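In our numbering, the protein residues as written are 1 to 284.
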Amino acid sequence: MILVADSGSSKTDWLLSIPQQEPVSFKTAGLNPYFLTEKEIAKIIQDQAPDMVAYANDISEIYFFGAGCSSPDRHEIVSNAISQLFSKAFISVDSDLLGCAYATCGHEKGICCVMGTGSNISYFDGENIHDGQHGLGFVLGDEGSGTWFGKALITDFLYGNMPADINEAFDKAYGLNKEIVIKNVYQRPNANTYLASFSRFVSEIKTTPYGQELLERGLLEFIDSNIKSYPEYHRYKCHFVGSIAYFFAEELTTLCHQQGVKTGKVIKQPINDLMAFILKRNEE
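Pasting the structure below:
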C-alpha cells in the first residue's frame, strides 16, 4: 500500500492506495514543522487518524509533501514523526511546492503557485523545483494568501477603514476587538491559521466595491511580487493549488490574463492528482 499526504498549515489530506480497491482518504490538522515538534506531529496523526494508523503494517511507502518542508532538518522532523507510527514504511518528505509541481505539471516545465493559508511559488524544470526568494511566511510574505486577506480585513476593521455596512457584517460575524486579536496573534500558537480563518469573509463581500478592491489588491500583490519576479514568467504556464486560488479562480485568471501571465490548472486539493502521478511514476 502507498500513502500520500498533502499538508498545508491548516490541514493535511491523506490518500491511501489499496490494491484492487478504491483509495481511502483521511484528514488531519496541518503538520508544518516550523510550528510543530516531532512529538506533536506524531500525536496529531495518532489522535486524528487512528483508522489510517491501523494500516501501518500494510503500508510500504509514504510520500509526504508539506508546507515548511523545504530544508533537510525540517524533512527530518516530519520523517521521524511519521516513522514512529509507520516503522515498516519507506518515507519520503518533500515541500508542498514539489507536490504542487507533480500534481499540475507532471513532467512538463512550469511555474507552480500555492495560494492557501500561506502562499509560495517555484519554477519546475520537469524534474526539480528551483526555489526563489519567496516563502517568507505570514509575517514577511504570504502575499495573496488566506493569511494576507485575514490580516487585511482585521486591520481595516480595527482601524475603522471598512465601509459601514461591511463593518457591521464583519462585527456580527466575528465579534472582534483589539484585545481578542492581540491575544490570538501574539500570545497563542498558530497565528497564521487564525488570521487565515477570516479570509472566507472575502467571498461574502467580493461583489462590493470594497471587496473587489481588496481581492484585486491581494491577488495582484501575489502576481507582482511572486510570478513577475521570474524574468521569463511569460514563457510558462502558471499552475495554482490551494483554497484561495480555487475559490477566486475567475478573478485570479482574469488578472493573470491582464498581466500577461499564462494560467494552467487551478486545483483546490492536489492530493488525487498527486497520487496518480506517484502511482504512474512507480510503474515506469
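Backbone N, C-alpha and C fix where the C-beta goes; we use that ideal spot for every residue, glycine too. In this text, all values refer to a predicted model and were calculated from it rather than measured experimentally.
Along the alpha helix (DSSP H) that carries residue i, what are the first and last residues, could you check?
{"i": "GLU76", "result": "72–85"}
{"i": "LYS43", "result": "38–48"}
{"i": "SER225", "result": "209–225"}
{"i": "VAL181", "result": "178–182"}
{"i": "ARG281", "result": "271–283"}
Are the Cβ atoms of residue i and residue j separated by less than 8 Å?
{"i": "LEU214", "j": "LEU255", "result": "no"}
{"i": "ALA101", "j": "ILE62", "result": "no"}
{"i": "LYS280", "j": "THR104", "result": "no"}
{"i": "SER119", "j": "SER145", "result": "yes"}
{"i": "THR147", "j": "ALA196", "result": "yes"}
{"i": "ASP96", "j": "GLY218", "result": "no"}
Expressed to the nearest angstrom, what Euclidean distance is found between the alpha-carbon atoms of residue i and residue j?
{"i": "GLY66", "j": "ILE166", "result": "35 Å"}
{"i": "GLY106", "j": "ASN184", "result": "39 Å"}
{"i": "PHE201", "j": "TYR174", "result": "10 Å"}
{"i": "ALA191", "j": "PHE157", "result": "18 Å"}
{"i": "LYS172", "j": "THR208", "result": "18 Å"}
{"i": "LEU15", "j": "ASP224", "result": "34 Å"}
{"i": "GLN258", "j": "GLU216", "result": "12 Å"}
{"i": "ALA164", "j": "SER199", "result": "19 Å"}
{"i": "SER229", "j": "PHE222", "result": "10 Å"}
Within 8 Å of any Cβ in chain B, is that where the Cβ of residue i sits?
{"i": "MET162", "result": "Going by chain labels, chain B is absent from the structure shown, which holds only one protein chain."}
Kindly identify the DSSP beta-bridge partner or partners of residue i.
{"i": "GLY66", "result": "SER7 and SER95"}
{"i": "ILE129", "result": "PHE124"}
{"i": "GLU61", "result": "ILE2 and PHE90"}
Ends of the beta strand (DSSP E) at residue i?
{"i": "VAL202", "result": "Per DSSP, VAL202 belongs to no beta strand (DSSP E); it is in the alpha helix (DSSP H), 201–205."}
{"i": "MET115", "result": "110–115"}
{"i": "LYS265", "result": "262–267"}
{"i": "HIS239", "result": "237–241"}
{"i": "LYS27", "result": "24–29"}
Using 8 Å as the cut-off, can you tell me whether the region 262–279 makes contact with the region 15–34, which would need three or more C-beta pairs spanning the two stretches below that distance? At 8 Å Cβ cutoff, the stretches touch.
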